[in-house]
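Engineer: Would you mind keeping the following structure in view while I ask a few things?
In structure tokens form, the structure reads like this:
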């Protein structure tokens, strides 16, 4: 068994200042579409790195759900600039993309297909170390062994998984999360809740991951709604809660909520489904499916959420509570409500189900699932039917 975290997690007010203490000659900073620049955080990061005596180069405009092409372009910049620090800042997308760039910076002759198999990466840190600075409160990629990259030619998301890509340093500065719009706060918050719940029921949960998962769930219960309503003290607590959830799932792995979200995010022409939104939609249905295999674990979670009743009642109440949270934050309850075209759903659901079953996250789900069961589960999430199989 193994439990791996970043060597250092800096958190709290002005945590960004710790960049001044990094030792190196050159740093590349990877960011997204401009929010970090507009709010002044990018300038702060560059200034702190320069204060540390480093030459700095930017890789900007990483798109949401970063593509294989973006990763390869960034790796080429790194190969030319030769940084000894990679600093990624923003939501999950720029940090995930930077992790992918890191791999191909250190191993430029490799192909993307070489690393799709989980835990197959060669040793990193031959050329650079990695610091991650999250600006959203959900993905926790700043403390995880995962990166999700999208192949838009096929519409498939590939979760790269290897302890090698766990960052060396995570800087969890709550000031960066204060600017999140409400919809993003809702989606990332439900992503964090899904991470914690899936980690707690995973087949490889452990004595090390369980307390982190349960504490994260308790904090989401206490702080997500008020964070959504723009209470900044709650935003800070959610920033920490999602980090705890990340520590849990990076080591305990995930389940089929994520398998389903990975394979549907970019699959439909009626619109991209944001990752956290997809997780929020699928979570109560997956709990209904998985409860046959691990009811007692969901009972634990329901009690942490402040619910009471018999074991069977608690599982139902947990699903109801998640549905209430979604409704309170304007998250659709079904794929149909999200706006996915019914004909297109029927046309694609069999293939999507096959891909979801083969997703890297399916292996640690507490209940095994066949392609046929996965299709039935997707149909429940489309039409809003209770899962009774």
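In the numbering used here, the protein residues as written are 3 to 391.
A virtual CB, placed ideally from N, CA and C, is assigned to each residue, including glycine.
#1: Rounded to a whole number of angstroms, what is the C-alpha to C-alpha distance between residue 239 and residue 311?
#2: If you count every other CB in all the chains shown that lies within 10 Å of the CB of residue 98, and 16 or more means buried, which is it?
#3: To test your reading of the DSSP string, which unbroken alpha helix (DSSP H) runs of 4 or more residues are found completely within the region 171-243?
#4: Contact between the region 360-376 and the region 274-292 is defined here as three or more beta-carbon pairs at a separation below 8 Å; is this criterion met?
#5: Going by the CB atoms, is the gap between residue 141 and residue 69 shorter than 7 Å?
#6: Should residue 384 be labelled buried (16 or more other beta-carbon atoms within 10 Å of its own) or exposed?
#7: So residue 289 is in the alpha helix (DSSP H); what residue range does that whole segment cover?
#8: Which class does residue 135 belong to by DSSP, given the choice of helix, strand or coil?
#9: Alpha helix (DSSP H) containing residue 352: first to last residue?
#10: Name the two residues that bound the continuous beta strand (DSSP E) containing residue 60.
#11: Just grab the DSSP bridge partners of residue 262 for me.
#12: Within 6 Å: the Cβ of residue 176 and any heavy atom of the ligand SAH?
#13: Given that a residue counts as buried once 16 or more other Cβ atoms are within 10 Å of its Cβ, and exposed if not, what is residue 2?
#14: In the DSSP assignment, what residue or residues form a beta bridge with residue 169?
#15: In or out: residue 244 buried (at least 16 other Cβ within 10 Å) or exposed?
#16: Does the Cβ of residue 172 have 16 or more other Cβ atoms within 10 Å, making it buried, or fewer, making it exposed?
#17: Check whether the region 226-237 and the region 181-201 are in contact - that is, three or more C-beta pairs closer than 8 Å.
#18: Report the three-state DSSP secondary structure of residue 153 (helix, strand or coil).
#19: Assuming residue 80 is part of the alpha helix (DSSP H), what are its boundary residues?
#20: Quick check on residue 330: buried or exposed, where buried means 16 or more other Cβ atoms within 10 Å of its Cβ?
#21: Along the chain, where does the beta strand (DSSP E) that runs through residue 10 open and close?
#22: Measuring alpha carbon to alpha carbon, tell me which residue in 77, 49, 120 and 116 is nearest residue 130.
#23: Please go through the same chain and pick out, in chain order, the residues whose beta-carbon is closer than 7 Å to the beta-carbon of residue 355, but skip the five residues on each side of it.
#24: Which residues in the same chain have their Cβ closer than 7 Å to the Cβ of residue 217, if we skip the five residues on either side of it in sequence?
Structural biologist: Here's the rundown:
#1: 29 Å
#2: buried
#3: 184-203 and 211-230
#4: yes
#5: no
#6: buried
#7: 277-306
#8: strand
#9: 344-359
#10: 57-61
#11: None; residue 262 has no bridge partner.
#12: This structure does not include the ligand SAH; it has no bound ligands of any sort.
#13: With the chain covering 3 to 391 only, the question about residue 2 has no answer from this structure.
#14: BP columns for residue 169 are empty, so no partner.
#15: buried
#16: buried
#17: yes
#18: strand
#19: 70-83
#20: exposed
#21: 10-13
#22: 77
#23: 373, 376, 377 and 380
#24: 246
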